[in-house]
Each structure stands twice: as C-alpha cells, then as structure tokens.
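To keep things clear, I will list the structure first and then write my remarks on it.
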Amino acid sequence: MSSAYTIGHYVRTTLPRIGLEFILPSIPNISVFHSLFKSCSETKDSRWAFITFRRLLESNVKPSDLTFSLLIKAYVADASSSTVIDSPNTKIEANQIQTHLRKSGFNQYVYLTTAFLDFYGKLGCIYYAQHLFEEMPRRDVVSWNALICGYSRNGYDYDALEVFVQMLREGFPPCQRTLVGLVPSCGRPDIIFQGKAIHGFGIKSGLDLDCRVKNALTSMYAKCADLQAAEVLFEEIFEKTEVSWNTMIGAYGQNGLFDEAMLVFKQMQKERVEVNYVTIISLLSANAHLDSTHCYVIKTGFATDASVITSLVCSYAGCGNIESAGLLYNLMPQRNLVSLTAMISGYAEKGNMGLVVECFTQMLQLKMKPDAVAMVSILHGFTDPTFIGSGLGIHAYGLKTGLCADCLVVNGLISMYSKFGDIETVFSLFSEMGEKQLISWNSVISACIQVGRTSDAMELFCQMRMYGHSPDAITIASLLAGCSEVGFLQFGERLHNYVLRNNLDMEDFLETALVDMYIKCGRLESAERVFKSIKEPCLATWNTMISGYGLSGHEHRALSCYSEMQEQGLKPDRITFLGVLSACTHGGLVWEGKRYFRSMREDFGMIPGLQHNACMVDLLSRAGFLEEAVIFVKNMEVEPDSAIWGALLTSCCIHQELKLGECLAKRLLLLDYYSGGLYVLMSNLYASKGRWDDVARVRKMMKDTGGDGSSGISLIEVSSLEKMNNSLCLSDLSLNTNYWQLSSPH
DNA sequence: CTAGGGTTAG
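Letter by letter, the first sequence follows residues 1 to 746 in the UniProt record's numbering.
Spelled out as structure tokens, the structure:
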C-alpha cells in the first residue's frame, strides 16, 4: 500500500500528465488506483482524478465502493476552489461517475449516495441532490444532514427548516452537524423566530455545547442585528476557535461597530489564536485601516491567498482608490468574479463607463458567468441618457441569460430606466416583477418623484402600504422631496410624524429632506426647529439651511448660519457658496457677496463655476452696478452661458436700461436661446419705456418662433387630502389626489 | 460553523 501511495505521489509531483502508462504495472491492481485517488485529494485535482478513473475502467479493473468514495473525496477537496465549482465540466463529470455508481450497484451503500448528494449540494445543483435523496431506499442521519446543508447553503432556507422538521417526525435524532447545517438558514430577520426555536432545541438536547453550533448561532444573531445575543453566545463558547473569533469580528463589522471589531481582533491576538484568511477578510470589511492591513497581509504571508487579495481589491475599489485596486487585480494569478465585480463597481462609481464595459467584456472572455450582483454593478453606472444604448444591451444580455428573473437585477433596471427618465419602462418592469421588495417600491417611488410625477408616487405609496410594507427612511425621504416639489406641507408634516412615531433612523439624507421640505413649503420656523434638533448636521443639511434662509429672505441669518457651520469645523463646498452668494443677491449685499466670492478661491482653493459667476452677475446688476457686471462677465474665465446673459437682461428691465438690454438680447439670440422668457423680458423692457411699437414687434416674433415657449403652471393644494394622510396609519384606502392644475394666463 | 462583489436617498 505504501509503495502504491508513493507511485501516486510520484505521478502527481514529478511526472505530471505524461501518461499513466509509464507508471502503472502491466496488470494494475485496484490499490494502485486508490492511492492515485488519494494523492488527487491531497493536491485537490479532480480533473486528474477523473482521468485516472477512466484509465481504471479501460484497464478492466473492477471498482469497489471504496473507489467511488475516494473519487468523490477528490472532488470535494477540489471544490474548495471556486473554479471547479463554477465549471460546467464538474457537473457533467459528477453525473458520469454517478451513472457508474448506479450501474455497479454501489448506490445501495447509503454513505456513497449521501456523498454524491452532498457534492451536488456544494455544486449548487440542489435539484439533483433532492432527487437523489428522494430515491434513496434507506437513509441515515448523515443523508438528512447533507440535504439540509444543501438547501441551506443554496438559500433555500424554508426548505431546510421543513426537512429538519420532517427528519424529527421520522424519528432521526439530529446531531451537532444537523444544527451546524441548519442554523445559517435562520440568519434572516424574517425567520429569526424559527432560529430561536432551533436554539432552544439545541439547549434542550445539549447539542449547543458544540463549539461549531455556537459559532453558527452567534453568526445567526449577528445577521439579525441582535448583537447582545451574539455577545452572550460568544462568551458562552468554552473553547473558542479562530472561527469563533472571526464570527465575532464579522458580527461587529456587519453592524457598523468597527472599533469593537478591532478590539476583538486585538483580544484574539492576545490569546494567541491563529489568524486565518477569513480573519483578514472580516477585518477589511469592518473598515480596518487599509494601508496597515495591507502591510499586515504582506508580512504574515496572506498575500498569496486569492480570497484575501480579492478582499483588498474590493476595499481599495470601495474607498475610491481604483488605481491601487487595479494594480492588485492585475497581479492576481487567478482572477475571479468577485474581484472583477468590485473593479466594475469602482469604475462605475467614478463614471468611467468605458472601463466598465471593458471589464464586462473581460468577464465574458475569461468565461466567468456574470451573476445578479455583477449585473447590478454594471447597471449602476448608466447614470444618464447618453448610456441608453449600452444599458439596453445589458438588459438584453440579462434577458438572454435569464438573469432578469432575479429581483436584484430588476431593481437595478428600474433605477437605470428612471435615470434615463423612461418612466413607462419603469412601470412595466415593476408591474411584471413577482416579489416586490421594499427596495423595489422605493425605487419606483423615487423614479416618479425624479420625473415630477408626485401624485403617482403618492398613489404608489398607498399601494405599498396595502401590500403590507412599512416605509423606511428612504421611502420617506423620497416622498418628502416630492412634497418639497409641489409644496405639499400637510403630507410632509404627516411624514415627519411618521418618522418620529416609528423611531426611524435619522440619517443625514432624511434630516436634509425634512429641512428642505419645511423650507420649500414656507415653514422656516419648523425647518429651524428640525435643524436645531439634529445633533451633528452634515454638510448637506447645513447647505440646505443656508440656502433656505436666503430663499426666505433672511440673508443675514443665512450668513450667520454659514459662520456657525465653520465654527463647527465643517468646510464649505461649492453648493454652500451657491447658497451664500444667492442669499447676498436676495438681500442686495454687494460688498459681502464680493467678499465671499473672493474667499471661495483664496481661503478654500475652489475655482468658482458658472453658477457662482451667474450669482455674482445677478448680485451686481440687480443692485444697479450694471457696468461693473458687464466688466465682470468680460473678465470671467469661463464662457458665459444663457443664465448669465439672462441675469443681466433681467436687471436691465429693473433699471430700464434699454440700450444694454437690446445688445444682450442679440447675444442671447446668437446663443440660440429662444425661450419665451427672453421675449417677455424684452417686451416688458420696451413697455417700461412706453415703446409700444417695439412691444408689438417682440410679441409677434415670439408667436412666429413657436408660441410663448413655456406657459406657467401653478399647483394649488385644494382638498383636505385626508385619505392620503390616513394612509400613514391605515392601509385600506386607495388615493385620489385632488389637484387643480391652473394654467396662468399671459 | 466564519468571508469578499450589488440595488433605493444624496
């Protein structure tokens, strides 16, 4: 036996793939083959095991049950690498071997069929596994365990639970491994109740004393954000393994407690527990300091581990350092779907869609099969209608490959089409999708808001309530933006109440949306009250408040709000300055405006953009410094646009500067700017000087070039809208928004 | 048993 083993080892290490003929005795016996299979297990080479199996059949050697057992072991060993799992060949080979198993009658051995069942589960062929299980004339606890584990690891959580119950009913006593396979299926908030029942079962049966069961339970509670329970379980583990420590690092990391995760890691090192590759991955996903962790990886020799490098690529791409991510990715000996997806989402985030498409092509060339997550990452990058072509292409690919059946992909498509402004496609995708998750409702509601279909959004909101979904911070923030748009104060207030009643997480964007809603609905005091209640307002919220003061005609309060913000240690951005400058314009604060405009460049190193310049032109010219405004425009580094000429023209009307006005109007026409507004302004300008002939001439020009360009529309909230308000508490009502659309006559 | 890529808002 030992000589046969040596032969096998020799073949694998010294004479790879030169053919077995040189090694095998002329009449090979079965133990030689068995030792060959064993060495295949060691080297995790299922391909070579398969070739050896063929040779065995050719040599007319009769396989025994042990032959199949060793063969499948080689496959299971190899399955730790993703390439084998993903390869379609593996499935075909496993099928072929199983056919021989059946033909030779060895499928009567429960342990052999169970081994195949287990392997199919690992390959993700859960229906094969199920089929095998159903066919088995006899089963043992291990067979049940394998089926439960197969369901669980492939996301069939309810099936796993059902099989467990069935197992108990048929009188098979669960063991530690049963729970280890089953518990991960309960790591979802919707079935944590069942998870707790299993936990109770574990305690009663004493099976929970097993370290692996406790690890699984710890992870289960962590996934449902019950950190207290996770901590208790972790403390209960008598002999903590590296898996226990990793689980706890992951538990804190997944729930945003990064400092705690780091403390667990330090404690782990103190107790001299060996760090493994999952430790590093968990640390990286817990926002550990990237550079130091990278150094640690190199020093500890984990730099050869594909999973660790993948994680590093993800972390670098995630924090926007796409260059470092790319360097690492290019150094990877074996690229994989996860790291390439991370690269794609990094490029998409940066808006570099050329490289995104290139990566996608590479994905197909490397024979990787893009999955739902990869699809979503790509779709995420198509942010404006210039990408309609590529977007449709990816949609088509999804339809062809069947990936569009996944609700993740549909969510991605919905948000893509809403960015394209194609609300009809959004509606049809949404109505055709089977399971509508909260996220899908949110996506379609925000799509409506973005294209200005506020009443549709509110109708959808009521439907969503009827389907039993509770709105979250994102739903509310989207709807608040809709309220701001149409000045729907009453509903905005109800949304605010909902937030307070349900203790929704007051995230930055929600606070900002609330402040903005109150400002746009003309309730400055309420906006202030919300703003003051925020512990640490973020920059966006400060910006909203500053420009809100300006909009409401409180320019001095806007400026003191700006100073206050800086006292809090926040640095203004371009949007802050838009608020500050427009506040100065509203109040005619010319001197202050000039000072802030200079400060933007001198104190903060920002180059004023077109909008900042337009603010300045507006400020100077409205205050009557028309000449200075014109000089300002001439000295601008950027080419003036219609907004700037328009601001000057408006001031010409205010100050009755006919000559300059005419000159500006010509410029605007040269810019191909044929808006009704231009004609109206000119007409008003002539009228102010009593030049009625010119007024008539301009009006005729306006008609000739296609009417008035855009008619004003006013929205007035008329009815009490009780139904809509009630839908925040009740859910039995459909909604009929009562708006009067009034076209303002000219 | 533990792990890495993604969606809604801004």
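C-beta atoms are modelled at their ideal positions from N, C-alpha and C, and glycine is treated no differently. Model, not experiment: these values are computed from the prediction.
Between L101 and N95 a beta carbon distance of about 10 Å is seen, past the 8 Å cut, so the two are scored as non-contacting. The beta carbon of L364 sits closer than 8 Å to the beta carbons of P370 from its chain, once the five residues preceding and following it are set aside; these are given in chain order. For A288, there is no enclosing alpha helix (DSSP H), as DSSP marks it with neither H nor E. Out of N502, K91 and Q98, the CA that lies nearest to the CA of S69 is found in Q98. Between V444 and F461, the beta carbon gap of about 10 Å keeps them out of contact (Cβ cut-off 8 Å).
The alpha-carbon separation between E135 and D78 amounts to approximately 27 Å. Going by DSSP, G482 is part of the alpha helix (DSSP H) stretching over A473 to V486. In this structure Y417 does not touch V409 by the C-beta definition: roughly 13 Å separates them, more than the 8 Å allowed.
Straight across, the Cα-Cα distance linking N60 with H34 is about 15 Å. Nearest Cα to Q362 within the set E170, T705, I344 and A687: I344. Note that the C-beta distance between C521 and G487 is below 9 Å. By a beta-carbon distance limit of 8 Å, N215 contacts V243. Their separation comes to about 5 Å. Taking T218 as the centre and dropping the five residues before and after it, the same chain places the C-beta of A230, L233, F234 and T247 closer than 6 Å to its C-beta, in chain order.
The C-beta distance from W645 to R667 rounds to 5 Å, short enough to meet the 8 Å contact threshold. Excluding sequence positions up to five before and after L438, its CB lies within less than 7 Å of the CB of H469 and D472, all in the same chain and listed in chain order.
For S80, there is no enclosing alpha helix (DSSP H), as DSSP gives it neither H nor E. Judged by beta-carbon spacing, G181 lies within the 9 Å limit of S152, meaning their Cβ atoms are closer than that value.
Contact annotation: I519 and M545 have beta-carbon atoms nearer than 9 Å. It is roughly 9 Å from the alpha-carbon of D159 to the alpha-carbon of S185. Only residues of its own chain outside the window of five on either side were considered, and among them I414, S418, I423 and V426 have a CB closer than 7 Å to the CB of A447, listed in chain order.
The continuous alpha helix (DSSP H) containing G346 extends over residues L337 to K350. Rounded to the nearest angstrom, the Cβ distance from E511 to T541 is 5 Å, consistent with a contact under 8 Å.
Taking the C-beta atoms as reference points, M466 is found no nearer than 9 Å to F491. Membership of T99 in the alpha helix (DSSP H) is indicated by the continuous run P88 to K103.
Between the alpha carbons of K703 and L681 lies a distance of about 15 Å. In the DSSP assignment, D45 falls outside any alpha helix (DSSP H), carrying neither H nor E. The residue from C407, P385, V376 and E493 with its alpha-carbon nearest to that of I394 is V376.
The stretch 597-605 and the stretch 620-636 do not touch, with fewer than 3 CB-CB distances between them shorter than 8 Å. With 16 or more other Cβ atoms from the protein chains shown falling within 10 Å of its own Cβ, A286 counts as buried. When secondary structure is reduced to three states using DSSP, Y467 falls in the coil class, being assigned neither helix nor strand. A129 sits away from L112, with the two beta carbons spaced by 9 Å or more.
When rounded, the separation of the alpha-carbon atoms in E93 and A374 is 28 Å.
Each residue's CA atom was taken as its position, placing G250 and T279 some 8 Å apart. The alpha carbon of Y347 has as its nearest neighbour, out of N336, A325, L337 and M368, the alpha carbon of A325. Here A513 is actually not in contact with Y549; their C-beta atoms are around 18 Å apart, not less than 8 Å. Here V275 really is in contact with T300; their C-beta atoms are around 7 Å apart, less than 8 Å.
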